């Protein structure tokens, strides 16, 4: 990153009358950012809000104020005039290259597409949130199920559309729904997993992905993944799609077990879920781990799982007829001890996550053993101390691609941790599948190598622990991605275990309680009881046939506190 | 309770130079309170704090100010002069009757008892808290394990004594330790359970009792119950006795499974627990349900249980070699629906508990499905709305017996609920065993009958749900106690299920989502995808071999918000 230290050149261009969707623009920006001599790039539509983002990022240039929401704005900061101009040219070229569906026909409007769409088509909406409801309604009114990937949809619109879908016998999946799989076809972010007996209903996209990939790793498969959108379990929406999904899976002949995944659930919705689950013939595994109390689902006959991976394991065991046993493969505590010695005391944990539910799970695990873990999931991320950041949340994705599309936001932070003497352990996730970055492992591995090198140059050890959500059938090949990380010295394990391993490695060493090698002599039926005080408990002991030596205790000096103080001082 | 409505007579007596322990005094008070024409009774030592309690309870009388801490004070309020005088005479007679150990020798001091005590004797301390540490130290220095039942012991003293015990190869169990069982001998409150393979380490007395009685009900038994005292798992004490107990059980040849029970655990102590559990050969079941994150113990190979009863079930299954499966016997949701109709909407739940951990468990379950459940466990008990009260906590036991010794505090509240039109469901526990009240079921059943009668007279249904912690071998016979409750119309079930049943019965009825009878037509591989927006996800769908109808969506009017508003209004 030598470029960041020399003098900087900043140039921008406005391309009038062009429109591209935000993912396309971000992909262009990511390609340009990778060019030699480029330090920072912005490629966005010229809305007032976006123009402010340019200025905030130090990418404001003469002429940006003239841009309108109908124009594409490109700005590049780099090490030289020539590098910046070459980057702007490259952006222009990329924007001009036709993209879009490789084989399908491109339609100008939903109405025109609907004229050609077969009855069994599904809608997939990825337009900006304020326009998503209107487009979804067109598809729902034509009887099609619809997945709304877009976020920032008005919740009142979501409720109305979900009720509409329910009445029409179809379904609205979303808004802010990242992952759906219907009959093996993944929409949005989805791993390539075999079809099989496990149905998933999930208010969390990455949560569903972890469950599905765990199921696949155990040799089983997934029937359907019904994504609900992050708000469906709130009492405001009250699980309209959740209950549509459960009713559908209960009747689906290919589904033998259902897994319900969510970060949190409203109380009324949980009450209703308990009643629905209690009336289903299909076994239900619940993983509602943001809700400490969701284990009450056990009381109506469901199987509560305590981590995403465990939910997948329990589901497979139920589908194969085995009772759920222990997950096995516990965290290696000898390795924890060794790493803790290498790292030394007082080091901190930093988690940088692409998957929101993975970040949430890691935060919970870390907080169980570490004091004061800050996070943007429920507050602000501290500049010092332990922290876990969900880089996929809104505040980090304004004007930048989601880290599942481009791991640069993770890589950038990892490189920074190499220079921070307080950091002892880095925890990260890597989410693969359709829709995700095509080869994130090597990019992240390079950032880890750089961070570890920097730390080593200053005599510090740096532990990096990662979890990979993916299968070997995914376009990125999970095995190859794990290998790339391992070659940079990364410890790769299942997500919750990764979080515990990293957290224990930086936990203050607890005082050694020196487990005594002698067998305890007190762990046997006492020969007698010396009972000092109440006769009540002496009687209870005698009633069991034991000898009691009762001490008829009286307070010293009859219980007068002042006199007792005096007597104490005479001792 | 007609007496409460007529004119009242209040008289008191001071018995100078007498000392009796608080349990004895409370038993006397309970006996006198049961006499005809008696409304309220106080029997306490005459300390300044106790004299204030008399005044606060409306039991202050002429002459009480002359009482000293060396005197017993008795006050009675009743319906007539003769009834009150008869009650005061009865109290005097009961205080004069010699009590104490029925067969053992009574010693004046710990020192004298120690001269006769065999090497294998255990100490049991029930003196007032400020004196407990001094007496415990004498026994520990002589090499005896010691159980401190007393509460209000200085925590610094507890740490010093626990370290002393650890160094001497013995153990301090407590302070505030309600239940211990060593080789089948119960100390404090303990159920009569068969000896067997399950060892219990518990920072919660009633928690340990529920685990032990569940184990007994499943035909297995308990090796030892190592009570720790409520503060042992705090980081201030840092589990000194916990780790002594685990080390002892790990080496104990009769223990095949260990259950760790606690309401909450400090982070450092949990970190250390994970390391110790991870290094044990004996399987460990954890039930730390006050700590939502304690499921991380699964990650080191432990078996987390989500309720006290489940902890017992899992332990027995591990001891018998079966993998833990489902607990079965889920809450009957048809019955919930019927009860909810009977009770009608807007009724509230009131829980009145003797066991602190049972109250905590019920509170967690109730809060999962009900809004705003107040409790003295973490705040103040509201006068309206849902509430769960731990009547065994300090604020309710000053000058009154613990509800496990005398269920009158529960009975009194239950009677009151009968007159409260807002109350729909009452939830209570009943804890049996050595040390507990000799026959609480009929007393509570009578209060339930009175409450239900009063409610019925005003045309209201009242649901009463109870859990009984005990075995048929207990002095009170759990089967007989359950029968007494059932005969008054009480629904008796396992504690966590009781709480969920009661909570669901008063939960606001959730809107019927009308699970559609039609099989969902959308739950199948789509024939095509109408993709509106980003080409990125269209490409990801096509890569899976599906047909895409891509809509080249552009914002209306080029994305200008003002113009879009105008267009919207024109629609």
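Chains as they are written, first to last, in my numbering: chain Z, 1 to 571; chain R, 1 to 571. Glycine included, C-beta positions come from ideal geometry on N, C-alpha and C. Model, not experiment: these values are computed from the prediction.
Answer yes or no: does any C-beta atom of chain Z fall closer than 9 Å to that of residue 554 of chain R?
Here residue 554 of chain R corresponds to residue number 554 of the second chain, with the count starting at 1. Chain Z, which has a Cβ nearer than 9 Å to the Cβ of residue 554 of chain R, makes this yes.
Output the distance between the C-alpha atoms of residue 503 of chain R and residue 363 of chain Z, rounded to the nearest integer angstrom.
Taking the first residue of the second chain as 1, we reach residue 503 of chain R at position 503. Taking the first residue of the first chain as 1, we reach residue 363 of chain Z at position 363. Residue 503 of chain R and residue 363 of chain Z have their C-alpha atoms spaced approximately 30 Å apart.
Please confirm whether residue 480 of chain Z has its beta-carbon closer than 9 Å to some beta-carbon of chain R.
The residue you call residue 480 of chain Z lines up with position 480 of the first chain. Judged by the 9 Å Cβ criterion, residue 480 of chain Z is not in contact with chain R.
Selection from Z:458, Z:123, Z:453 that minimises the alpha carbon distance to residue 464 of chain Z:
Working through the first chain from its first residue, we reach residue 464 of chain Z at position 464. When each option's Cα is compared against that of residue 464 of chain Z, the closest is Z:453.
Using the beta-carbon count (16 or more within 10 Å), is residue 105 of chain R buried or exposed?
The count along the second chain starts at 1 and reaches residue 105 of chain R at position 105. With fewer than 16 other Cβ atoms inside 10 Å of its own Cβ, residue 105 of chain R counts as exposed.
Since residue 208 of chain R contacts residue 194 of chain R with CB under 8 Å, what's their CB separation in whole angstroms?
On the second chain, residue 208 of chain R is found 208 positions in, with the first residue counted as 1. On the second chain, residue 194 of chain R is found 194 positions in, with the first residue counted as 1. With a Cβ gap of about 16 Å, residue 208 of chain R and residue 194 of chain R do not count as contacting.
Does the beta-carbon distance from residue 188 of chain R to residue 149 of chain R come in below 9 Å?
For the purposes of this step, residue 188 of chain R is taken as residue 188 along the second chain, with counting starting at 1. For the purposes of this step, residue 149 of chain R is taken as residue 149 along the second chain, with counting starting at 1. The Cβ-Cβ distance between residue 188 of chain R and residue 149 of chain R falls below 9 Å.
Within a Cβ cutoff of 7 Å, which residues of the same chain sit near residue 17 of chain R, ignoring the five residues on either side of it in sequence?
As a working mapping, residue 17 of chain R is identified with position 17 in the second chain. Result list for residue 17 of chain R: 70, 71, in chain order.
Going by Cα to Cα distance, which pick from R:20, R:8, R:12 is closest to residue 554 of chain Z?
Position 554 of the first chain holds residue 554 of chain Z. Of R:20, R:8, R:12, the smallest CA-CA separation from residue 554 of chain Z is found for R:20.
Closest residue to residue 427 of chain R among R:353, R:168, R:482, R:403 (Cα-Cα distance)
Here the question's residue 427 of chain R lines up with position 427 in the second chain. That would be R:353, whose Cα lies nearest to the Cα of residue 427 of chain R.
Check each residue of the region 158-177 of chain Z: if its Cβ is closer than 7 Å to any Cβ of chain R, include it; give the result in chain order.
Contacts with chain R (Cβ-Cβ distance below 7 Å) from the region 158-177 of chain Z involve 169, 170, 171, listed in chain order.
Residue 514 of chain Z classed as buried or exposed, judged by whether at least 16 other C-beta atoms fall within 10 angstroms:
For the purposes of this step, residue 514 of chain Z is identified with residue 514 of the first chain, where counting begins at 1. Caution applies to residue 514 of chain Z, whose pLDDT of 47 falls short of 50 and renders its modelled position unreliable; the model cannot decide the point.
Residue 544 of chain Z: contacting residues in chain R (beta-carbon distance under 9 Å)
If you number the first chain from 1, residue 544 of chain Z lands on position 544. In chain order: 184, 185, 186, 190, 192, 434.
Within-9 Å CB hit, residue 149 of chain R to chain Z:
Taking the first residue of the second chain as position 1, residue 149 of chain R is located at position 149. Yes, its Cβ sits closer than 9 Å to a Cβ of chain Z.
At which residues does the beta strand (DSSP E) containing residue 223 of chain Z begin and terminate?
By 1-based counting over the first chain, the position of residue 223 of chain Z is 223. Taken as a continuous stretch (DSSP letters only), the beta strand (DSSP E) holding residue 223 of chain Z covers 222-227.
So, helix, strand or coil for residue 433 of chain R, using DSSP?
Looking up residue 433 of chain R in the second chain gives position 433. The DSSP-derived three-state label of residue 433 of chain R is coil.
Could you run through the region 261-283 of chain Z and flag, in chain order, every residue whose CB is less than 8 Å away from some CB of chain R?
Residues of the region 261-283 of chain Z with a C-beta less than 8 Å from any C-beta of chain R: 267, 268, 269, 270, 271, 272, 274, 275, 276, 278, 279, listed in chain order.
Mind pulling the chain R residues with CB within less than 9 Å of residue 579 of chain Z?
Residue 579 of chain Z cannot be examined here, being either before or after the span of chain Z that is shown, 1 to 571.
Any idea what DSSP makes of residue 236 of chain R, helix, strand or coil?
As a first step, residue 236 of chain R must be located in the second chain, where it is residue number 236. Under the three-state reduction of DSSP, residue 236 of chain R is assigned to coil, being neither helix nor strand.
The region 470-488 of chain R contacting the region 428-443 of chain R, beta-carbon criterion three pairs below 8 Å:
Contact between the region 470-488 of chain R and the region 428-443 of chain R is present, because at least three Cβ pairs lie under 8 Å.
Give the interface partners of residue 44 of chain R over in chain Z, defined as CB-CB distance under 9 Å, in chain order.
Reading the second chain from its first residue, position 44 is the one you call residue 44 of chain R. None at all; the shortest Cβ gap to chain Z is about 12 Å.
Beta-bridge partners of residue 15 of chain Z, as assigned by DSSP:
The count along the first chain starts at 1 and reaches residue 15 of chain Z at position 15. Residue 15 of chain Z is bridged to Z:72.
Spatially closest choice to residue 471 of chain R from R:55, R:397, R:212, R:320, by CA coordinates:
Here residue 471 of chain R refers to the residue found at position 471 of the second chain. When only C-alpha atoms are compared, the closest one is R:212.
Could you pull out every unbroken beta strand (DSSP E) segment of at least 3 residues lying fully inside the region 320-386 of chain Z, listed in chain order?
Counting whole runs of 3 or more residues, the region 320-386 of chain Z contains the beta strand (DSSP E) stretches 348-353.
What does residue 105 of chain Z touch in chain R if you count any residue whose Cβ is under 9 Å from its own?
The count along the first chain starts at 1 and reaches residue 105 of chain Z at position 105. One finds 548, 549, 550 in chain R with Cβ atoms closer than 9 Å to the Cβ of residue 105 of chain Z, taken in chain order.
With 9 Å as the threshold, decide whether the Cβ of residue 285 of chain R is near any Cβ in chain Z.
One-based indexing of the second chain puts residue 285 of chain R at position 285. Taking 9 Å as the CB threshold, residue 285 of chain R stays off the interface with chain Z.
Using 9 Å as the limit for Cβ to Cβ distance, is residue 251 of chain R near chain Z?
For the purposes of this step, residue 251 of chain R is taken as residue 251 along the second chain, with counting starting at 1. By this cut-off, residue 251 of chain R is an interface position.
Compare the Cα-Cα distances from residue 83 of chain Z to each of Z:55, Z:34, Z:498, Z:120 and report the closest residue.
Position 83 of the first chain, counted from the first residue, corresponds to residue 83 of chain Z. Comparing Cα-Cα distances from residue 83 of chain Z to each of Z:55, Z:34, Z:498, Z:120, the minimum goes to Z:34.
Cβ of residue 385 of chain R within 9 Å of any chain Z Cβ
The residue you call residue 385 of chain R lines up with position 385 of the second chain. With a threshold of 9 Å between beta carbons, residue 385 of chain R makes no contact with chain Z.
State the Cα-Cα distance for the pair residue 500 of chain R and residue 298 of chain Z, rounded to the nearest angstrom.
As a first step, residue 500 of chain R is located in the second chain; it is residue number 500 there, counting from the start. As a first step, residue 298 of chain Z is located in the first chain; it is residue number 298 there, counting from the start. In a straight line, the C-alpha of residue 500 of chain R is about 11 Å away from that of residue 298 of chain Z.
Relative to the C-alpha of residue 11 of chain Z, which residue among Z:42, Z:467, Z:250 is closest?
Translated into the one-based positions of the first chain, residue 11 of chain Z becomes position 11. Of the listed residues, the one whose Cα sits closest to residue 11 of chain Z is Z:42.
Just list the residues that DSSP pairs residue 77 of chain Z with in beta bridges.
Here residue 77 of chain Z refers to the residue found at position 77 when the first chain is read from its first residue. DSSP lists Z:10, Z:40 as the bridge partner or partners of residue 77 of chain Z.
Going residue by residue through the region 109-191 of chain R, where are the continuous alpha helix (DSSP H) segments of at least 4 residues, counting only ones entirely within it?
Correct list: 110-116, 129-141, 155-167.
Can you name the residues of chain Z whose CB is closer than 9 Å to the CB of residue 355 of chain R?
Within the second chain, the letter at position 355 stands for residue 355 of chain R. For residue 355 of chain R, no chain Z residue has a Cβ inside 9 Å of its Cβ, as the nearest lies near 17 Å away.
Roughly how many angstroms separate the alpha carbons of residue 68 of chain R and residue 200 of chain R, rounded to a whole number?
Residue numbering aside, residue 68 of chain R sits at position 68 when the second chain is read from its first letter. Residue numbering aside, residue 200 of chain R sits at position 200 when the second chain is read from its first letter. Going by the C-alpha atoms only, they are around 43 Å apart.
Proximity below 9 Å, CB of residue 53 of chain Z to CB of residue 77 of chain Z:
Stepping through the first chain from its first residue, residue 53 of chain Z is reached at position 53. Stepping through the first chain from its first residue, residue 77 of chain Z is reached at position 77. Taking C-beta atoms as the reference points, residue 53 of chain Z and residue 77 of chain Z fail to come closer than 9 Å.
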